[in-house]
Amino acid sequence: MTPLLRYSLLQVPGIVFLGALLWWVIGHGWMRLDTAAWIMGLWLIKDAVLYPLYKPALENSPGHGTKAMEGRYGRVVMPLEPRGQIRVSGELWAAVERRRQPIPGGSKVLVVGADGLTLLVEAVKPKQATSAEAGTAGPSQD
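Residue numbers (UniProt numbering): 1 to 142.
Here it is, written out as structure tokens:
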């Protein structure tokens with residue numbers, strides 16, 4: 001689905017609600033038809049003006065599962081010896097260090113892949129962890 005189509009479909013409920021409200025107000029004689037037409041026109045212009053701001057969010061649908069975890073940072077909850085647990089975005093995941101090296105609890109790790117529902121991770125070096133927390137090496141997700 002294209003971003004424009006997705007955005008348009010998201011606007012339908014608001015347009016229908018506004019249309020029904022304006023129809024009701026006109027029916028009671030509280031507003032003239034031309035005023036209601038102006039209001040509806042301004043509403044549609046608002047939707048058109050806001051589309052460029054929403055487009056980046058609509059282009060990439062949010063990922064799910066282990067594939068969505070790749071590139072995120074986490075923190076070791078149970079030491080990886082070689083298998084343990086990490087916390088990524090508030091979720092606990094089974095994890096293994098990619099080269100089967102032990103990683104102590106509390107260490108920061110980067111998710112580099114997955115094997116089924118087990119995440120493959122690498123230990124983050126202190127310099128890399130500092131830049132990750134600053135937002136330059138990727139999203140910090142622990």
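Just so you know, even glycine gets a beta-carbon here, dropped at the ideal spot from N, CA and C.
Nearest-angstrom Cα distance between residue i and residue j?
i	j	result
Thr2	Leu58	8 Å
Glu70	Pro52	28 Å
Ser8	Ala36	21 Å
Lys67	Trp38	47 Å
Gly105	Gly116	23 Å
Val121	Pro56	29 Å
Trp93	Arg6	32 Å
Gly27	Leu4	33 Å
Pro82	Arg99	9 Å
Met40	His64	38 Å
Is DSSP giving residue i helix, strand or coil here?
i	result
Glu81	coil
Ala132	Here the model assigns Ala132 a pLDDT of 49, short of 50, so the residue's position is not dependable and the matter cannot be decided.
Glu70	coil
Ser140	Only weak support exists for where Ser140 lies, its pLDDT of 48 falling under 50; the value from the coordinates is given anyway. Coil at Ser140, not helix or strand.
Arg75	strand
Leu5	helix
Leu117	coil
Lys125	coil
Leu58	helix
What does DSSP give as the partner residues of residue i in its beta bridges?
i	result
Leu92	Arg87
Val109	Gly74, Ala123
Ile103	Leu80
Taking the CB atoms as reference points, tell me whether residue i and residue j lie closer together than 8 Å.
i	j	result
Thr118	Val88	no
Leu18	Trp43	yes
Asp47	Gln11	yes
Next item on the list: Check whether the stretch 72-84 touches the stretch 101-121, counting contact only when three or more Cβ pairs, one atom from each stretch, lie closer than 8 Å.
Entry: Three or more beta-carbon pairs separated by less than 8 Å link the stretch 72-84 to the stretch 101-121, which places the two stretches in contact.
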